[in-house]
Structure formats: structure tokens, C-alpha cells
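In our numbering, the protein residues as written are 2 to 132.
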């Protein structure tokens, strides 16, 4: 069965968003403070743990979305991380969401990707066909 235009559209959206999310995660890693020792990890604040968690989810979740591996789980975690990021930075001031258009876009597109799935042109379905 040949891929349809829908499969190509989902694949292009998946590749573009996966790369964008992973790139934002990588850039977030450049700005997050790294603990110097094990003692610093134990005494790290909740804000430090949250920023590291967001960085890891965006980096590895974006890579998983790009590759189409554990796709719905990665899209779900990315949507949750984007929602937390927006809730943490925007709070109840809804108009301030315009200052974080990229994360708001990640939230919306991650929700769409959860509903549509990875499509037939990803590594997950290709691996299943071989078995």
C-alpha cells in the first residue's frame, strides 16, 4: 500500500515539530544550571528540578517524535511539559501567553499529534512490519 497525502502531511508535521521541540530542549539545556556535586543535587530547589525535567522531556521527547518511536507517549509528555511551562510562566494572565507562542504551539500540535498518531512513515510501524 502506497503512502497517501495524509501520511506525508503527518510525517512532515512530525519531523518539523520533533526537530523544533528537540532544538528548544537543547537550547533550554544551555541555560539550566548544572549541579557541581551529589550534595548539590540533593539540595536542589523544586524550580531547578522542574527546569531539568522540562529540558529532558523537550529534548528526548522531540527526538522521539522526530523518529516516531514511542510517539504518543512522547507527544503526551511534551504536551504536559508545555502546559506546565505555560502555567508556570503565564499563570492566570491569559494575554501573556502571546509572549510564549512557541510553547503554546507545542501544546496544540502535541495534542493534535496524540490524536492523529505517527502515520505509516515512522520507525514504529516499519519495525512492526518486519516482525
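Think of the CB as a built atom: it goes at the ideal place given N, C-alpha and C, for glycine as much as any other residue.
Buried or exposed by the 16-neighbour rule on C-beta atoms within 10 Å, applied to residue 4: Residue 4 is exposed by the Cβ-count criterion.
Beta-carbon gap between residue 74 and residue 65 smaller than 9 Å: Between residue 74 and residue 65, the CB-CB gap stays under 9 Å.
Range of the contiguous alpha helix (DSSP H) that encloses residue 63: Counting along the chain, the alpha helix (DSSP H) containing residue 63 begins and ends at 47 to 68.
6 Å CB neighbourhood of residue 111 in its chain, flanking five on each side removed: Excluding its 5 nearest sequence neighbours in each direction, residue 111 has C-beta neighbours in its own chain below 6 Å: 76, 79, 80, listed in chain order.
Boundaries (first-last residue) of the alpha helix (DSSP H) holding residue 120: Judged by DSSP secondary structure, residue 120 falls outside any alpha helix (DSSP H); it is assigned neither H nor E.
Alpha helix (DSSP H) segment containing residue 89, residue limits: DSSP places residue 89 in the uninterrupted alpha helix (DSSP H) bounded by 72 to 91.
9 Å Cβ cutoff met for residue 32 and residue 58: Judged by beta-carbon spacing, residue 58 lies beyond the 9 Å limit of residue 32, meaning their Cβ atoms are not closer than that value.
Extent of the continuous alpha helix (DSSP H) run through residue 24: From DSSP, the alpha helix (DSSP H) with residue 24 extends over 6 to 32.
Proximity of residue 11 and residue 119 at Cβ, strictly below 9 Å: Yes, they are a contact pair.
Nearest-angstrom Cβ-Cβ length linking residue 114 and residue 7, presumed shorter than 8 Å: With a Cβ gap of about 14 Å, residue 114 and residue 7 do not count as contacting.
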